[in-house]
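Heads up, the sequence shown is in the working numbering, so the first residue is 173 and it goes up one at a time.
We treat Cβ as the ideally placed atom computed from N, Cα and C, and that holds for glycine.
Heads up: the structure comes next, in structure tokens.
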Amino acid sequence: MTSKNKYYSSKWATILFASALVGFLSGFIGLILKHLTENFEARFFLKTQENNYLIALFPILGLSVIFILRKYLFKNKENKGIREVLDATSSTKKLPLYKIPSHFINGFLTVIFGGSTGIEVSTVVSTAALGGMVARKKHFLKKYKNEWMGAAIAAGVTVLFHSPLAGLFFSYENILKRRSKIIIVTHLVSVTVAWGMLFIVDEPPLFQTQLQGWKYEAIPYFLILSIVASVYGVYLTQSVLLIKSRFPIKKSPYLNVVLCAAFLSLFIWLFPELYGDGYHAIKNQLSSPTLTTGWVFLNMVLLLFLKPIMAAITLRGGGDGGVFAPSIFAGAFLGILIATLANTFAGTTLLPLNFMILGIALVLSASLHAPFTAIFLVCGLFGDYTLFIPLLILAPLTKWITVKIYPYTVYNIHLKI
Numbered sequence: 173m174t175s176k177n178k179y180y181s182s183k184w185a186t187i188l189f190a191s192a193l194v195g196f197l198s199g200f201i202g203l204i205l206k207h208l209t210e211n212f213e214a215r216f217f218l219k220t221q222e223n224n225y226l227i228a229l230f231p232i233l234g235l236s237v238i239f240i241l242r243k244y245l246f247k248n249k250e251n252k253g254i255r256e257v258l259d260a261t262s263s264t265k266k267l268p269l270y271k272i273p274s275h276f277i278n279g280f281l282t283v284i285f286g287g288s289t290g291i292e293v294s295t296v297v298s299t300a301a302l303g304g305m306v307a308r309k310k311h312f313l314k315k316y317k318n319e320w321m322g323a324a325i326a327a328g329v330t331v332l333f334h335s336p337l338a339g340l341f342f343s344y345e346n347i348l349k350r351r352s353k354i355i356i357v358t359h360l361v362s363v364t365v366a367w368g369m370l371f372i373v374d375e376p377p378l379f380q381t382q383l384q385g386w387k388y389e390a391i392p393y394f395l396i397l398s399i400v401a402s403v404y405g406v407y408l409t410q411s412v413l414l415i416k417s418r419f420p421i422k423k424s425p426y427l428n429v430v431l432c433a434a435f436l437s438l439f440i441w442l443f444p445e446l447y448g449d450g451y452h453a454i455k456n457q458l459s460s461p462t463l464t465t466g467w468v469f470l471n472m473v474l475l476l477f478l479k480p481i482m483a484a485i486t487l488r489g490g491g492d493g494g495v496f497a498p499s500i501f502a503g504a505f506l507g508i509l510i511a512t513l514a515n516t517f518a519g520t521t522l523l524p525l526n527f528m529i530l531g532i533a534l535v536l537s538a539s540l541h542a543p544f545t546a547i548f549l550v551c552g553l554f555g556d557y558t559l560f561i562p563l564l565i566l567a568p569l570t571k572w573i574t575v576k577i578y579p580y581t582v583y584n585i586h587l588k589i
């Protein structure tokens with residue numbers, strides 16, 4: 173073997189090893205954050221149902237601790253979410269290493285104390301910072317900073333949503349937006365390791381239920397859901413952008429925290445479904461049939477109206493997160509609402525569960541402009557591909573309609589001139 177061949181063999185061996193290590197560490201971060209958050213969020217939410225006064229205490233406690241940590245431990249730098257990752261991948265900037273504990277801790281505290289977002293963006297940024305560490309090592313690895321960040325993100329998304337394809341497509345559709353040999357290799361190795369970790373720890377899908385097949389008679393209502401999800405995705409995006417830019421009280425940062433916490437407490441008291449990521453509310457819908465009273469319809473409409481606002485207020489108050497969890501929550505209730513309305517007033521026999529799943533994917537496609545991420549993410553969430561064909565048609569259609577209405581997301585709005 174020539175010296176040149178030895179060099180390339182050594183180079184690719186290093187790349188494969190580094191990819192596997194990135195996949196393992198990112199998967200580990202994602203799993204730990206996911207399980208810690210699920211456990212404490214469930215416990216704290218139960219406590220608020222037993223003692224209502226805790227609804228007033230938890231949001232201010234969580235946002236205050238985050239405020240103090242950011243000011244005195246994390247260099248008083250605001251967490252900008254996925255925007256930080258996009259800035260790093262589009263320049264020579266590097267994500268500082270403190271972003272790993274910063275987003276991990278702040279994401280955890282935000283959700284368990286009732287902040288109306290999720291840990292998905294916290295996982296994305298912390299794993300991206302971890303992936304960027306690889307580019308600080310061997311000289312030839314420094315050329316592939318973005319590839320390591322993308323591979324780490326893909327592994328983190330894989331363990332969160334039980335889907336390596338969701339991880340791969342998220343990195344492609346939202347972060348790197350390009351393909352190359354090194355990207356394919358690093359990403360495939362990374363998500364394979366993360367996927368293997370799920371089997372080792374016997375991790376089940378987040379939502380476990382039995383799906384039934386879909387009928388051709390439902391197609392017109394699938395299309396209605398696609399159109400409504402497109403419009404709702406624009407509403408979600410613009411609500412978050414508007415509140416984040418208009419709400420702050422610049423003269424008194426802590427007063428801003430207090431006011432945001434007060435809003436959160438008030439609306440969590442009125443609508444407990446808004447507590448944290450809201451996945452508990454989706455699980456409740458899976459375990460109990462949807463009633464068809466006027467109050468139930470009104471309650472779902474109000475939840476759909478309020479969720480983006482509460483997510484934006486959480487972020488404005490210093491909480492960590494993004495639009496992943498709000499989109500999943502809103503999509504579930506939007507799908508149930510449309511199916512239930514059709515069954516009640518149009519005499520149809522639509523399956524609300526199927527529309528819940530479609531709604532999640534379509535609102536995600538609308539808010540992220542990432543249809544294939546949405547398809548495989550929702551299939552991973554439920555561990556079922558029964559609705560794959562409708563999803564394959566409707567998710568790209570929803571993105572297309574959304575872009576025609578408003579071509580930006582909360583993550584690429586900085587590209588607007």
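Contact belief for residue i with residue j at Cβ below 8 angstroms, rounded distance in angstroms
| i | j | result |
| --- | --- | --- |
| Ser198 | Ala366 | 7 angstroms |
| Phe379 | Leu553 | 5 angstroms |
| Val331 | Met305 | Incorrect: roughly 19 angstroms between the Cβ atoms, too far for contact. |
| Ala390 | Thr358 | With a Cβ gap of about 40 angstroms, Ala390 and Thr358 do not count as contacting. |
| Leu458 | Thr381 | 5 angstroms |
| Leu476 | Phe505 | 6 angstroms |
| Phe590 | Gly490 | Outside the shown range of the chain, which is 173 to 589, sits residue 590, and nothing can be said about it. |
| Ile325 | Phe342 | 7 angstroms |
| Ile354 | Tyr316 | 6 angstroms |
Residue i versus residue j: straight-line alpha-carbon distance, rounded
| i | j | result |
| --- | --- | --- |
| Arg215 | Gly279 | 17 angstroms |
| Ile204 | Pro273 | 12 angstroms |
| Leu414 | Gly339 | 29 angstroms |
| Leu302 | Thr261 | 14 angstroms |
| Val400 | Leu549 | 20 angstroms |
| Thr574 | Thr581 | 10 angstroms |
| Lys243 | Val257 | 21 angstroms |
| Thr295 | Pro543 | 20 angstroms |
| Ile277 | Val430 | 20 angstroms |
| Leu188 | Thr545 | 25 angstroms |
| Met321 | Ala300 | 5 angstroms |
| Phe541 | Ile232 | Reading the sequence as shown, one finds His at residue 541 and not Phe. Those two C-alpha atoms are separated by around 33 angstroms. |
| Leu281 | Lys271 | 15 angstroms |
| Thr289 | Gly450 | 8 angstroms |
| His275 | Leu360 | 25 angstroms |
| Leu208 | Val373 | 15 angstroms |
| Ala497 | Glu292 | 7 angstroms |
| Phe371 | Tyr388 | 36 angstroms |
| Phe196 | Ser182 | 21 angstroms |
| Tyr225 | Ala433 | 14 angstroms |
| Arg418 | Val495 | 18 angstroms |
| Pro444 | Trp467 | 15 angstroms |
| Ser362 | Val194 | 6 angstroms |
| Glu375 | Leu348 | 28 angstroms |
| Lys479 | Leu436 | 11 angstroms |
| Leu442 | Thr465 | 18 angstroms |
| Phe517 | Tyr426 | 49 angstroms |
| Trp386 | Pro562 | 9 angstroms |
| Thr570 | Gly253 | 24 angstroms |
| Ser236 | Ala228 | 13 angstroms |
| Asn318 | Tyr180 | 21 angstroms |
Neighbourhood of residue i by C-beta, 8 angstroms cutoff - its chain only, sequence neighbours within 5 removed
| i | result |
| --- | --- |
| Arg351 | Tyr344 |
| Tyr578 | Val406, Thr409 and Gln410 |
| Leu513 | Phe469 |
| Met384 | For the record, residue 384 in the displayed sequence is Gln; it is not Met. For Gln384, where only same-chain residues beyond five positions count, the Cβ hits under 8 angstroms are Leu523, Leu525, Asn526 and Thr558. |
| Leu313 | Thr186, Ile187, Ala190, Val306, Ala307 and Trp320 |
| Trp572 | none |
Beta-carbon proximity list for residue i, same chain, < 6 angstroms, skipping 5 on both sides
| i | result |
| --- | --- |
| Glu213 | Val283, Ile284 and Gly448 |
| Gly202 | Thr295, Gly328, Val331 and Leu332 |
| Leu337 | Phe548 |
| Gly555 | Pro377 |
Sequence-distant residues of its chain with Cβ nearer than 7 angstroms to residue i (five each side left out)
| i | result |
| --- | --- |
| Cys551 | Ser335, Tyr557 and Phe560 |
| Pro568 | Pro543 |
| Phe217 | Tyr447, Gly448 and His452 |
| Ile510 | Tyr393, Ile396, Leu397, Val400 and Phe527 |
| Phe230 | Phe216, Thr220, Phe285 and Gly286 |
| Lys455 | Phe379 |
| Ile565 | none |
| Ile589 | Low confidence applies here, because Ile589 scores a pLDDT of 48, under 50, leaving its location unreliable; read the following figure in that light. So the list is empty, once near-sequence residues are dropped. |
CB contact below 7 angstroms: residue i versus chain C
| i | result |
| --- | --- |
| Tyr180 | No chain C appears in the structure shown, which is made up of a single protein chain. |
Can you find at least 3 beta carbon pairs, one from the segment 467 to 484 and one from the segment 261 to 273, that sit closer than 8 angstroms?
Too few Cβ pairs lie closer than 8 angstroms, so no.
Which whole runs of the alpha helix (DSSP H) in the segment 311 to 386 are 4 residues long or more, in chain order?
You should have 317 to 333, 336 to 342 and 353 to 372.
Segments assigned beta strand (DSSP E), at least 3 residues, entirely inside the segment 174 to 260:
Within the segment 174 to 260, no complete beta strand (DSSP E) run reaches 3 residues.
Taking the runs of the beta strand (DSSP E) that are 3 residues or longer, which of them lie wholly in the segment 432 to 486?
Within the segment 432 to 486, complete beta strand (DSSP E) segments of at least 3 residues are not found at all.
Does the contact criterion of 3 or more C-beta pairs under 8 angstroms hold for the segment 520 to 535 versus the segment 473 to 489?
No: the two stretches stay apart, fewer than three of their Cβ pairs being nearer than 8 angstroms.
Enumerate, from N- to C-terminal direction, the unbroken alpha helix (DSSP H) stretches of 4 or more residues contained entirely within the segment 482 to 537.
Entirely contained in the segment 482 to 537, the alpha helix (DSSP H) runs reaching 4 residues are, in chain order, 496 to 517.
Three CB pairs or more closer than 8 angstroms across the segment 499 to 514 and the segment 533 to 542
Yes: the two stretches touch, three or more of their Cβ pairs being nearer than 8 angstroms.
Considering only residues of the segment 543 to 586, which uninterrupted alpha helix (DSSP H) runs meet the minimum length of 4 residues and lie entirely inside it, listed in chain order?
As far as the segment 543 to 586 is concerned, its whole alpha helix (DSSP H) runs of at least 4 residues are 543 to 554 and 560 to 577.
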